[in-house]
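K.L.:
One structure, as structure tokens, below. Some questions next.
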Amino acid sequence: MTRLSWNEIRARAARFAEEWEGETYEKGESQSFWADFLDVFGINRRRAGGYFEYAVKLSGGRRGYIDMFLPGRLLAEQKSGGRDLNAARGQAFEYLDGLDDHDLPQAVVLSDFATFQHVDLDTRQVVEFRLEELPDYVRLFAPLVDEQATSIEETSPVNRQAAERMAELHNRLEAAGYIGHKLELFLVRLVFCLFAEDAGIFEPKQFRDYIRSRTAEDGTDTGLRLTKLFEVLNTAPEERSALLDDDLKAFPYVNGGLFAENTPAPDFDANLRLALLLASQPDWHKVSPAIFGAMFQGVMDGDDRHDLGAHYTSEENILRVIKPLFLDDLYAEFEKARASKNSAQLLDTFHDKLASLTFLDPACGSGNFLIVAYRELRRLELKVIEAKAKHSTIVVFESDLRVRVEQFYGIEIDEFPVQIARTAMWLTDHQMNLEAGRKIGHEYSRLPLTEGAHIVHSNALTTDWSSVVKPEDLDFIFGNPPFLGSRTMDKGQKADLRAVAKGFPQAGFLDFVTAWYILADRMMAQNPAIEAAFVSTNSISQGEQPGILWPKLYANGNHITFAHRTFRWMNAARGVAAVHCVIVGFARTARRPALLFDYPDIAGEPVLDLVESISPYLIAGDEFVVSNRQEQISGAPSMAFGNMPADGGNLILSRSERDALLASEPAAAEWVLPYIGAKEFLQGGERWTLWLKGVTPAQLRAMPTVAARVAANRQERLTSARPHLADVPHLFAQITQSPEQPVLVIPRVSSERREYVPMAFFESGHVVADSCLAVEAGTLELFALLTSRMHMDWLRVVGGRLKSDLRYSKDVVYNNFVLPPIDDGQRASLAELGQGILNARALYPDSTLADLYDPTTMPSELRKAHSANDDYVDRLYRAEGFTAPDERVALLLDLVKEKDAAG
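As structure tokens, this is what we get:
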């Protein structure tokens, strides 16, 4: 009897899983369960010599009964639902001792109906899977159909092992001098072949067996043999030589362009050949699409990863983008069509829509977004086909599967990921064809390969996107553009961004990712129906950037349709990127309500809030942003940066350096002042500085040690980016604060863990460093307002971030902070509350501000003083107070808008 094809077996396994879902009773249904299980493989138990309740003699004269036994092939032990399968395994192994050697099976399988455990008795490998996963694991039972079993490992280890072994192969080839385009193309061809032999494109292990049996152990002919194989894969059967080796002739015609280019063969040795064989060991059929990004990262060094912004996206994060962008809406439309009285017609129309949608990832990397989006679209199509089948008796054919990889477009600047993305889309197509085959009940494969996804090797910022895909055909733009801030871009990237952002004021402050927002907006100008969403660093929703980017996007008619607030980036690659991200969806048509996803735990799951509109700060609120402002909006005292030395350390002194200088040159005492940087301010310690403003040449000459430091500073500046500063080597490069005045000091960066950014007063005679901000003539009432919860919430939303730490800005945070109108009595109350905070600090003279404001060690007296101040300040703005930080920020934004409107 001809054995069933694996596609037919998988289809039967899917039906078996559906029929037996929910069964739990061992004694009542065990025999029927295992009879149906054998039928999945086309096996009749009686014809195959199988037994139910097969009796075996055990130790001590006892007798045991095997639930189902096929001598020489399989022993099955059944338990009721929820029972311990590990205990059942021990029982099954005891039965083995009672069997004759010639009857010993090749494997043991255990089940409680919902879960299976498969034990290979040669390797003792244990694989556990759920009933509904049986179609993916049927090859474990290959001995039932007289084939060698295929080893299957868990998904995550397979991903990791496959990536690492491909990286090892890459590194060995590169070290041997096989580099550049030919290496990259060779690797993606290998990835295709390794996947193909585990996923039904080739015969099982056909590629590995070809390498093992047809190449010399010393590897000398491996490269040539592979080159010949690639040639065969690109040749139609009718065009192949009649004298072609039978092993090569057995490989299918692939085409699709993957094997079309002729490239020099790499040289192999025994070790390199072994590395290739090791790379073939993982079961590539179980590889997740995220593997291709991980593989790419595995063969790049750290500098390249940073330069390209190559943070590879996990499927979880991809779904956070595509579900609210289009997938959730498509499923809602599908459910509506399926439930309609006119279901058949509406499902046909909806199916037409799925087959016409077009997608673009303009920073596609190795294709993860395209892969997952395509996979999810195919799965939705299968549901549509199943629903349509209920209205017809017509058999489903391949022509009903109309969603194609050709609907997906990408742009990528680096060639290697382009090759990977194209190949990955073909392989994903095959995965989905296998899935479809299980549903429609017969094998389905698209060979030769079609044209494939349209992945363009180009710089997305210098390429006209409309030359890649016509705007009128495009529906959705999405992706994960590079994570580069304004200060981490190279010269070329800065030039590209400036060219794209021409006409945007202060574009030099923008992150690299904003160029993709601007270019997506230009595509929307040609087709207003296009919708877009990008993963971005959270800096684009903080600090100066919203005020630079969004006024023009708003003017062009855009709205934020959904957003994920700050969450911790996780990905599937080795060396997980430690960054904090947001996701922003936008379109020319507003979504009502808009979808705002918040993360109470930035490493946890989001909480959805339906809001009227989303602010560029990713809070519920008006489509309004604040921009850099040169004067304080409420007329409060000016804030300035601290003084910038730019001295190479020549004007800054440690305590010991100061003491040594004053011991040798007492006259220097009047020129040495305490130096307050953020570190000293927050964590304690002392530094001093030479403040030589007003020193005469004679005075300087009388202090040789000081003069030597000044001379060293002159040399330092002569070779700096600002050599003109060498003309004044005794002065700080930028003097913004006078030590002659008392000053209120705020660090420019503060830990996100602190509820309050520490602030403090210093008497005259202190020099404030540029790591801090300074308000001369600051008052206690201003201190109380700035150290309030109201101001801290404002800072957290409109201020910038350094990684996840808070970055205070004078032009955005301070100058746009609207102070409440207060009378003399309220001013006195604020001063008293501010002094109360200072008094609570003074109770702990040995503690630093970092100690006092650590949430774990903050003294109760200080917390109470701040709480009292917070409540009072809240009611200065609104009599009933506030219930959430976003309410405070929304009110403050309204106040800024009112002041701007009033002129």
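Under UniProt numbering, the first residue of the sequence shown carries the number 1, and numbering increases by one thereafter. Heads up, the beta-carbon is just placed ideally off N, CA and C, and yes, glycines get one too.
1) So for C581, helix, strand or coil by DSSP?
2) Which residue comes first and which comes last in the beta strand (DSSP E) that contains K57?
3) Whose C-alpha, out of E832, V108 and L131, is nearest the C-alpha of T115?
4) For E665, which residues of its own chain have a beta-carbon under 7 Å away from its beta-carbon, when the five flanking residues on both sides are left out?
5) Could you check whether I837 and L876 sit closer than 8 Å to each other, using their CB atoms as the reference points?
6) Apply the 10 Å Cβ neighbour rule to H181 and answer buried if 16 or more other Cβ atoms are within range, or exposed otherwise.
7) Tell me the DSSP secondary structure of K897 in three-state form.
8) How about residue 933 and I455: are their beta carbons less than 8 Å apart?
9) Among residues of its own chain, excluding the 5 on either side of A587, which ones have a beta-carbon nearer than 8 Å to its beta-carbon?
10) Sorted by chain position, which residues of the same chain lie with C-beta nearer than 8 Å to M759's C-beta, five sequence neighbours on each side aside?
11) Tell me which same chain residues have a C-beta within less than 7 Å of the C-beta of L99, skipping the five on either side of it?
12) Cβ atoms of P616 and V625: under 8 Å apart, would you say?
13) Since A421 contacts S366 with CB under 8 Å, what's their CB separation in whole angstroms?
14) With a 10 Å radius around its C-beta and 16 neighbouring C-beta atoms as the bar for buried, classify A175 as buried or exposed.
15) How many Å lie between P252 and L70 at the Cα?
16) Buried or exposed: S111, going by 16 or more other Cβ atoms within 10 Å of its Cβ?
17) If you draw a straight line from the alpha carbon of H306 to that of N480, how long is it in whole angstroms?
18) Going by Cα to Cα distance, which pick from P482, I322 and T428 is closest to residue 925?
19) Does the stretch 650-669 come close enough to the stretch 681-693 to have 3 or more Cβ pairs within less than 8 Å?
20) Does the stretch 377-392 come close enough to the stretch 348-368 that 3 or more CB-CB pairs lie under 8 Å?
21) Please specify which runs of the beta strand (DSSP E), each continuous and at least 3 residues long, are wholly inside the stretch 651-693, giving them in chain order.
22) Compute the beta-carbon to beta-carbon distance between R73 and Q106, rounded to the nearest angstrom, for a pair I have assumed lies under 8 Å.
23) My output table needs one value for I455: the three-state DSSP class, helix, strand or coil.
24) Which same chain residues, not among the five before or five after A76, have their C-beta less than 6 Å away from its C-beta?
25) Let me check understanding here. Comparing Cα to Cα, which of T589, C581, I614 and R591 lies closest to Y599?
26) Does the separation of the CB atoms of V513 and I548 fall below 8 Å?
27) So what's residue 960 in DSSP terms, helix, strand or just coil?
28) Tell me which same chain residues have a C-beta within less than 7 Å of the C-beta of A13, skipping the five on either side of it?
29) By DSSP, does A714 sit in helix, in strand, or in coil?
30) The alpha helix (DSSP H) with I633 in it runs from where to where?
31) Leaving out five residues before and five after F416 in sequence, what residues of the same chain have Cβ atoms less than 6 Å from its Cβ?
32) In chain order, what residues of the same chain have a beta carbon less than 8 Å from the beta carbon of F504, not counting five sequence neighbours either side?
33) Assuming contact is defined by CB atoms lying nearer than 8 Å, are L248 and L226 in contact in what I supplied?
34) Are at least three pairs of beta-carbons, each pair with one atom in the stretch 821-841 and one in the stretch 790-797, less than 8 Å apart?
35) Do L330 and A337 have their CB atoms nearer than 8 Å?
36) Work out the CA separation of L401 and I385 for me, nearest whole Å.
P.N.:
In short, the structure shows the following:
1) If you number the sequence shown from 1, residue 581 lands on position 581. Strand, per DSSP.
2) Mapped onto the sequence shown, residue 57 falls at position 57. Y51 to K57 is the extent of the beta strand (DSSP E) around K57.
3) Walking along the sequence shown from the start, residue 115 turns up at place 115. The option with the nearest alpha carbon to T115 is L131.
4) For the purposes of this step, residue 665 is taken as the residue at position 665 of the sequence shown. Around E665: M703, T705 and V706.
5) Position 876 of the sequence shown, counting from 1, holds the residue named residue 876. Position 837 of the sequence shown, counting from 1, holds the residue named residue 837. Contact flag unset, no.
6) As a position in the sequence shown, residue 181 is number 181, starting the count at 1. So H181 ends up on the exposed side.
7) Mapped onto the sequence shown, residue 897 falls at position 897. Three-state result, K897: helix.
8) Residue coverage of the chain in this structure runs from 1 to 903, which leaves residue 933 outside it and unanswerable.
9) Reading the sequence shown from its first residue, position 587 is the one you call residue 587. If you ignore the 5 residues before and after A587, its C-beta comes within less than 8 Å of the C-beta of M524, I530, E531, A532, N558, H559 and T561, all in its own chain and listed in chain order.
10) Along the sequence shown, one-based indexing puts residue 759 at 759. Short of 8 Å from the beta carbon of M759, and not among the five residues preceding or following it, lie these beta carbons of its own chain, in chain order: L744, V745, I746, F783, L786 and T787.
11) In the sequence shown, residue 99 corresponds to position 99, counting from 1. The answer, listed in chain order, is V56.
12) Within the sequence shown, residue 625 is the residue found at index 625, counting from 1. Within the sequence shown, residue 616 is the residue found at index 616, counting from 1. Yes, Cβ-Cβ distance for V625 and P616 is below 8 Å.
13) As a working mapping, residue 421 is identified with position 421 in the sequence shown. As a working mapping, residue 366 is identified with position 366 in the sequence shown. That pair is a contact at about 5 Å.
14) Start at 1 with the first residue of the sequence shown, and residue 175 comes out as number 175. With fewer than 16 other Cβ atoms within 10 Å, it is exposed.
15) Sequence index remark: in the sequence shown, residue 252 carries index 252 (1-based). Sequence index remark: in the sequence shown, residue 70 carries index 70 (1-based). Spanning the two alpha carbons is a distance of roughly 35 Å.
16) Position 111 of the sequence shown, counting from 1, holds the residue named residue 111. With 16 or more Cβ atoms within 10 Å of its Cβ, S111 is classed as buried.
17) Along the sequence shown, read from residue 1 onward, the residue named residue 306 stands at position 306. Along the sequence shown, read from residue 1 onward, the residue named residue 480 stands at position 480. Only weak support exists for where H306 lies, its pLDDT of 37 falling under 50; the value from the coordinates is given anyway. Between H306 and N480, the C-alpha separation is close to 14 Å.
18) This structure leaves residue 925 out entirely; the chain is present only between 1 and 903.
19) Three or more pairs of CB atoms, one per stretch, sit closer than 8 Å, so the stretch 650-669 contacts the stretch 681-693.
20) yes
21) 672-676 and 688-690
22) Against the sequence shown, residue 73 aligns to sequence position 73. Against the sequence shown, residue 106 aligns to sequence position 106. About 6 Å; that satisfies the 8 Å criterion.
23) On the sequence shown, position 455 is the one that residue 455 refers to. Here I455 sits in strand by DSSP.
24) Here residue 76 corresponds to residue number 76 of the sequence shown, with the count starting at 1. Excluding its 5 nearest sequence neighbours in each direction, A76 has C-beta neighbours in its own chain below 6 Å: W34, D67, M68 and V109, listed in chain order.
25) The residue given as residue 599 occupies position 599 in the sequence shown. Ranking T589, C581, I614 and R591 by Cα distance to Y599 puts C581 first.
26) Indexing the sequence shown from 1 puts residue 513 at position 513. Indexing the sequence shown from 1 puts residue 548 at position 548. No, the Cβ-Cβ distance between V513 and I548 is not below 8 Å.
27) Any answer about residue 960 is impossible in this case: the structure gives the chain only from 1 up to 903.
28) In the sequence shown, counting from the first residue as 1, residue 13 sits at position 13. The residues are V40, L134, P135 and V138.
29) As a first step, residue 714 is located in the sequence shown; it is residue number 714 there, counting from the start. Position check: residue 714 holds Arg in this sequence, whereas Ala was assumed. If DSSP states are grouped into helix, strand and coil, R714 belongs with the helices.
30) Locating residue 633 in the sequence shown gives position 633, where the first residue counts as 1. For I633, there is no enclosing alpha helix (DSSP H), as DSSP marks it with neither H nor E.
31) Position 416 of the sequence shown, counted from the first residue, corresponds to residue 416. So the list reads E184, once near-sequence residues are dropped.
32) Stepping through the sequence shown from its first residue, residue 504 is reached at position 504. Counting only Cβ-Cβ distances below 8 Å, and skipping sequence neighbours, we find L510, I518, I548, L549 and K552.
33) Reading the sequence shown from its first residue, position 248 is the one you call residue 248. Reading the sequence shown from its first residue, position 226 is the one you call residue 226. No, Cβ-Cβ distance for L248 and L226 is not below 8 Å.
34) no
35) Position 330 of the sequence shown holds residue 330. Position 337 of the sequence shown holds residue 337. It is not a contact, given that the beta carbons lie outside the stated cut-off.
36) Reading the sequence shown from its first residue, position 385 is the one you call residue 385. Reading the sequence shown from its first residue, position 401 is the one you call residue 401. Rounded to whole angstroms, I385 to L401 spans 8 Å at the Cα level.
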